[in-house]
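>
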Amino acid sequence: MPKNRKRILVTGGAGFLGSHLCDRLVGQGHDVLCVDNYFTGRKENILHLMNRPNFEVMRHDITFPLYVEVDEIYNLACPASPVHYQFDPVQTTKVSVLGSINMLGLAKRVGARILQASTSEIYGDPSVHPQTEDYCGNVNPLGPRACYDEGKRCAETLFFDYSRRHNVQIRVIRIFNTYGPRLHDSDGRVVSNFIVQALRGEDITIYGDGSQTRAFCYVDDLIDGMVAMMGADEDVPGPINIGNPHEISVLTLASRIIALTGARSRLVRKPLPQNDPTQRCPDISRARQLLNWEPRVSLDEGLRRTIAYFADRMAQPASAGISDSVG
Ligand code: NAD
Ligand code: UDP
Numbered sequence: 001m002p003k004n005r006k007r008i009l010v011t012g013g014a015g016f017l018g019s020h021l022c023d024r025l026v027g028q029g030h031d032v033l034c035v036d037n038y039f040t041g042r043k044e045n046i047l048h049l050m051n052r053p054n055f056e057v058m059r060h061d062i063t064f065p066l067y068v069e070v071d072e073i074y075n076l077a078c079p080a081s082p083v084h085y086q087f088d089p090v091q092t093t094k095v096s097v098l099g100s101i102n103m104l105g106l107a108k109r110v111g112a113r114i115l116q117a118s119t120s121e122i123y124g125d126p127s128v129h130p131q132t133e134d135y136c137g138n139v140n141p142l143g144p145r146a147c148y149d150e151g152k153r154c155a156e157t158l159f160f161d162y163s164r165r166h167n168v169q170i171r172v173i174r175i176f177n178t179y180g181p182r183l184h185d186s187d188g189r190v191v192s193n194f195i196v197q198a199l200r201g202e203d204i205t206i207y208g209d210g211s212q213t214r215a216f217c218y219v220d221d222l223i224d225g226m227v228a229m230m231g232a233d234e235d236v237p238g239p240i241n242i243g244n245p246h247e248i249s250v251l252t253l254a255s256r257i258i259a260l261t262g263a264r265s266r267l268v269r270k271p272l273p274q275n276d277p278t279q280r281c282p283d284i285s286r287a288r289q290l291l292n293w294e295p296r297v298s299l300d301e302g303l304r305r306t307i308a309y310f311a312d313r314m315a316q317p318a319s320a321g322i323s324d325s326v327g
C-alpha cells in the first residue's frame with residue numbers, strides 16, 4: 001500500500017483510456033472509484049479489476065450531480081470517436097459542459113485536485129503546425145464535430161474559471177490521437193477500423209485521399225503522461241499537449257497495418273468527413289520540460305500489441321468477441 005494512498009475518482013473509467021488509467025491507479029494501491037454510464041464503455045474493460053478490494057464501480061451519468069468523497073478526480077467521461085460523439089450531439093456537449101460543472105463543483109466541495117481530459121480537437125483544423133498550447137485553434141462552431149470540439153473548449157474555460165474564482169486545483173491535458181488494446185472495435189476510429197478490416201481481410205477504407213496526417217500515441221505512454229500531470233507541482237495547471245509527435249499520413253498508417261498483419265486487403269476510397277482536420281501533430285516541448293515526459297513506444301510496437309488484442313478478441317466466440325453496438 002503506498003504511503004500517499006488516495007481516493008481517486010475516474011469518470012469514464014470503463015472506456016478505452018479510463019480502464020487503462022484504472023489499471024494503473026489500482027496497481028499503485030490507490031482506492032479507485034470508477035464512474036461510467038456505459039455509453040461507449042464496456043464492463044469487460046474493467047472485469048479483471050472487480051475482485052480487487054481497492055476498486056469500485058458506480059453506474060452514473062455525470063451530467064447529473066455526484067456526491068462522493070475523494071482526493072483526486074480524473075474527468076474522462078465523454079465519447080471520443082467521431083461516430084460516437086455525433087450519435088447524440090446534444091448529449092456530447094452536455095457531458096463536457098454540465099459534466100465538467102458537476103465534477104468541478106465536486107472538486108470544489110471536497111478540495112480535490114481535478115484533471116480534465118481535453119483534446120487536440122480544440123485546435124480544429126489547425127493553421128499552426130505542429131500545434132503548440134498557445135495556439136487558439138480553428139474550429140467551425142457549426143459543423144458536425146462542433147458538439148465535441150466546442151464542448152471540450154467550454155470545459156477548458158470552466159476549468160480555468162473554477163481555478164481563478166474558486167481556487168480549485170486543476171490540470172488540463174490535451175490528448176492527441178491515442179490507440180491500443182480496448183479501443184472499441186466499431187467506434188470508427190482509424191486504428192481500430194484498419195486493424196479490424198485487415199484481420200477480416202476486408203477492404204481498408206481510406207477517407208479522402210489519405211494524405212491527411214495524425215500522430216498516434218500508444219496508450220501506455222498516454223497514461224504515463226496523464227498520471228505525471230496529476231502529480232505535477234501546483235503551478236502546472238496546463239494546458240499541456242500529451243501525444244506522440246511522430247506524424248504520419250492515413251495512407252502510411254494503412255500500409256503499416258497491412259504489413260504487420262500480412263493482410264491482403266485492398267485500399268478503397270470513401271468521402272472525407274466534413275471538417276476532417278488535414279493535419280495534426282503535437283508540439284510536446286512543454287510536456288518534456290515540465291513533466292519530463294515523452295512517449296517511448298514506437299508505432300510498429302504499439303500496432304503489434306493492438307493487433308494482438310484484436311486478433312485475440314476475434315478468436316473468441318461471437319458473444320464474447322467483437323461487438324457491433326454502442327453501449
Ligand atoms: P471512450 O469512448 O472509450 O470512453 C469514454 C467513457 O466515458 C466511456 O466509458 C463512456 O461510457 C463514458 N461516458 C460517456 N458519457 C458519460 C456520462 N455522461 N457519464 C458517465 N460516463 C460517460 O473514449 P476514450 O478514448 O477512452 O476517451 C476518454 C477521454 O479522453 C474522453 O474525454 C476523450 O474526449 C479524451 N480524449 C481521447 C482521445 C483518444 O485518442 N482516445 C483523444 C483526445 C481526447
Ligand atoms: N479515417 C480513415 N478511414 C477510416 C477511419 C478514419 O481514413 O476508416 C481517417 C479520418 O478521416 C481522419 C483520420 O483517419 O482523417 C483519423 O480519424 P479518427 O476518427 O481516428 O480520429 P480524428 O479524426 O478524430 O483524429
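With UniProt numbering applied, the sequence shown corresponds to residues 1 to 327, in that order. Positions of the beta carbon are idealized from the N, C-alpha and C atoms, including for glycine.
#1: Taking DSSP as the reference, what is the three-state secondary structure of Y218?
#2: Taking the alpha carbon of R313 as the reference point, which residue from P181, R165, R24 and E133 has its own alpha carbon closest?
#3: Alpha carbon to alpha carbon, how far is E56 from I258?
#4: Any idea if M226 is buried or exposed, counting beta-carbon neighbours within 10 angstroms, 16 or more meaning buried?
#5: Determine the burial state of L158: buried for a count of at least 16 other Cβ atoms within 10 Å of its Cβ, exposed for fewer.
#6: Please go through the segment 116-186 and give each complete alpha helix (DSSP H) segment of 4 or more residues, from N-terminal end onward.
#7: In whole angstroms, what is the alpha-carbon distance linking N51 and I223?
#8: Consult DSSP for D36 and reduce its assignment to one of helix, strand or coil.
#9: Which residues in the same chain as G105 place their Cβ atom closer than 8 angstroms to its Cβ, once the five residues preceding and following it in sequence are excluded?
#10: To the nearest angstrom, report how far apart A155 and L142 are at their CA atoms.
#11: Pull up the CB-CB distance for I114 and N75, whole angstroms please, since I reckon it's below 8 angstroms.
#12: Would you identify the three-state DSSP class for M230, choosing helix, strand or coil?
#13: Is V326 helix, strand or coil when you go by DSSP?
#14: Along the chain, where does the beta strand (DSSP E) that runs through Y85 open and close?
#15: Taking Cβ to Cβ, would you say N45 is nearer than 9 angstroms to S19?
#16: Does P89 come out as helix, strand or coil in the three-state DSSP assignment?
#17: Could you pull the DSSP bridge partners for T205 from this structure?
The answer reads as follows:
#1: Translated into positions along the sequence shown, residue 218 becomes position 218. If DSSP states are grouped into helix, strand and coil, Y218 belongs with the strands.
#2: Translated into the one-based positions of the sequence shown, residue 313 becomes position 313. Taking only the C-alpha atoms, the option nearest R313 is P181.
#3: Within the sequence shown, the letter at position 56 stands for residue 56. Within the sequence shown, the letter at position 258 stands for residue 258. So the two alpha carbons sit approximately 40 angstroms from each other.
#4: Along the sequence shown, read from residue 1 onward, the residue named residue 226 stands at position 226. The residue is buried, with at least 16 neighbouring Cβ atoms inside 10 Å.
#5: On the sequence shown, position 158 is the one that residue 158 refers to. Under this definition L158 is a buried residue.
#6: 146-166
#7: The sequence position of residue 51 within the sequence shown is 51, counting from 1. The sequence position of residue 223 within the sequence shown is 223, counting from 1. Whole-angstrom Cα-Cα distance: 23 angstroms.
#8: In the sequence shown, counting from the first residue as 1, residue 36 sits at position 36. If DSSP states are grouped into helix, strand and coil, D36 belongs with the strands.
#9: If you number the sequence shown from 1, residue 105 lands on position 105. Result list for G105: P65, in chain order.
#10: Residue 155 sits at position 155 when you count from the first residue of the sequence shown. Residue 142 sits at position 142 when you count from the first residue of the sequence shown. For A155 and L142, the distance between alpha carbons rounds to 18 angstroms.
#11: Along the sequence shown, read from residue 1 onward, the residue named residue 114 stands at position 114. Along the sequence shown, read from residue 1 onward, the residue named residue 75 stands at position 75. At roughly 6 angstroms, the Cβ-Cβ gap stays under 8 angstroms, so I114 and N75 are in contact.
#12: As a working note, residue 230 is residue 230 in the sequence shown. The answer is helix: DSSP assigns M230 an H, G or I state.
#13: Reading the sequence shown from its first residue, position 326 is the one you call residue 326. Below a pLDDT of 50, predicted positions are generally treated as unreliable, and V326, at 46, falls in that range; the measurement from the model is reported next regardless. Coil, per DSSP.
#14: Locating residue 85 in the sequence shown gives position 85, where the first residue counts as 1. Run containing Y85: none in the beta strand (DSSP E); it sits in the alpha helix (DSSP H), P82 to Y85.
#15: Working through the sequence shown from its first residue, we reach residue 45 at position 45. Working through the sequence shown from its first residue, we reach residue 19 at position 19. Yes.
#16: Translated into the one-based positions of the sequence shown, residue 89 becomes position 89. Note: P89 maps to helix in three-state DSSP.
#17: In the sequence shown, counting from the first residue as 1, residue 205 sits at position 205. BP columns for T205 point to V268.
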